[in-house]
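Asker: Sequence order for the protein chains is A and B. 1 is the number of the first residue of the first sequence in the numbering used here; add one for each residue after it. 110 is the number of the first residue of the second sequence in the numbering used here; add one for each residue after it. Glycine included, C-beta positions come from ideal geometry on N, C-alpha and C.
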Amino acid sequence: AQRVTQPEKLLSVFKGAPVELKCNYSYSGSPELFWYVQYSRQRLQLLLRHISRESIKGFTADLNKGETSFHLKKPFAQEEDSAMYYCALLYGGGNKLTFGTGTQLKVEL
Amino acid sequence: GAGVSQSPRYKVAKRGQDVALRCDPISGHVSLFWYQQALGQGPEFLTYFQNEAQLDKSGLPSDRFFAERPEGSVSTLKIQRTQQEDSAVYLCASSVFLYNEQFFGPGTRLTVL
Numbered sequence: 001a002q003r004v005t006q007p008e009k010l011l012s013v014f015k016g017a018p019v020e021l022k023c024n025y026s027y028s029g030s031p032e033l034f035w036y037v038q039y040s041r042q043r044l045q046l047l048l049r050h051i052s053r054e055s056i057k058g059f060t061a062d063l064n065k066g067e068t069s070f071h072l073k074k075p076f077a078q079e080e081d082s083a084m085y086y087c088a089l090l091y092g093g094g095n096k097l098t099f100g101t102g103t104q105l106k107v108e109l
Numbered sequence: 110g111a112g113v114s115q116s117p118r119y120k121v122a123k124r125g126q127d128v129a130l131r132c133d134p135i136s137g138h139v140s141l142f143w144y145q146q147a148l149g150q151g152p153e154f155l156t157y158f159q160n161e162a163q164l165d166k167s168g169l170p171s172d173r174f175f176a177e178r179p180e181g182s183v184s185t186l187k188i189q190r191t192q193q194e195d196s197a198v199y200l201c202a203s204s205v206f207l208y209n210e211q212f213f214g215p216g217t218r219l220t221v222l
C-alpha cells in the first residue's frame, strides 16, 4: 500500500539558514509527488509538484527513486516560510492523494 | 475569482445526530474530492466525483458516511449518527480534471460531543 512519511513534526531554523523538510514514500507504481503548504489561518495550497521541476518561493524538491525520497529544500529560510508543510503522493489512477502527517516549519529571527 | 467554499466552517454535534457539510467547488471544475483530517494528521482521502458520478468512495470509513453531487456542482457530505471519532476537519477540493492541481476549501471543523 502507498505511504508517505514525514519524520519531523517540528523543524525550527534561524532566518537565513538552509532548510530541508524530509519526505519518504512507499508505492509500487510510478510515483507522482507534491508538496502542499498551509500558512497560518489559510487553506491548504499546492507549493510544487515534482513533474514541474520548478522552484517556487525559493523551494525545490528532487525525486530520488533510489532512496524513495522527495525532500523539500531552500538555501536561505525567510520568516514568511513559517507554515505547515505536507508531502503528498498521487495514486489510484490520478484521483487520490495520500498525505504525510506534516512538518511545522518555524523560522526564527 | 472565488475559490472553493465550504459551509458551515464549524459544526458541533451531539453524538447520534446527523450532519450535512456543503462544498461549493470552483465553477467549471469537473473533479471534486472530500478528505478527512484528524488532529495532528494529514488529510485522508474519502471520496471522489467526476461531474455527478461518484467514481471512488473507498475512503469512506463506514456506511454512516454518504456523499452526493447531484448536479455536478455543489456536493454534500452527510454523516449519520455521528460518533466522537468523526471529530475532524473535513476538506473539500476541486480540480479542472484528473491530474490537475487540486484547490482546497477552508474546511469544516466538526466536533462531536
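With a cut-off of 8 Å, does the C-beta of Y25(A) fall near any C-beta of chain B?
Answerer: Counting from one through the first sequence, the residue named residue 25(A) turns up at place 25. No - not a single Cβ of chain B is within 8 Å of the one on Y25(A).
Asker: What residues in the region 76 to 102 of chain A have a beta carbon less than 8 Å from any beta carbon of chain B?
Answerer: Answer set for the region 76 to 102 of chain A: Y86, A88, L90, G92, G93, G94, N95, K96, L97, T98, F99, G100, T101, G102.
Asker: If you run the structure through DSSP and keep just helix, strand and coil, what is S26(A)?
Answerer: As a position in the first sequence, residue 26(A) is number 26, starting the count at 1. S26(A) falls in the strand class under three-state DSSP.
Asker: Evaluate S12(A) with the Cβ neighbour count: other Cβ atoms within 10 Å of its Cβ, from every protein chain shown; 16 or more gives buried, anything less gives exposed.
Answerer: Counting from 1 along the first sequence, the entry for residue 12(A) is found at position 12. Label assigned to S12(A): exposed.
Asker: Going by beta carbon distance, what residues of the same chain come within less than 6 Å of V198(B), once the five residues before and after it are set aside?
Answerer: Taking the first residue of the second sequence as position 1, residue 198(B) is located at position 89. These residues qualify, in order along the chain: Q146, G216, R218.
Asker: Mapping the DSSP letters down to three states, classify E20(A) as helix, strand or coil.
Answerer: Taking the first residue of the first sequence as position 1, residue 20(A) is located at position 20. If DSSP states are grouped into helix, strand and coil, E20(A) belongs with the strands.
Asker: Name the residue from F14(A), L21(A), Q42(A), Q2(A) whose alpha carbon lies nearest to the alpha carbon of R118(B).
Answerer: Position 9 of the second sequence, counted from the start, is the residue given in the question as residue 118(B). For R118(B), the nearest C-alpha among the options comes from Q42(A).
Asker: Counting only the same chain and skipping the five closest in sequence on each side, list residues whose C-beta sits under 8 Å from that of I135(B).
Answerer: Position 26 of the second sequence, counted from the first residue, corresponds to residue 135(B). Counting only Cβ-Cβ distances below 8 Å, and skipping sequence neighbours, we find G110, A111, G112, V113, S203, F212.
Asker: List the residues of chain B that L46(A) touches, going by C-beta distances under 7 Å, in chain order.
Answerer: Here residue 46(A) corresponds to residue number 46 of the first sequence, with the count starting at 1. Within chain B, the residues near L46(A) are E210.
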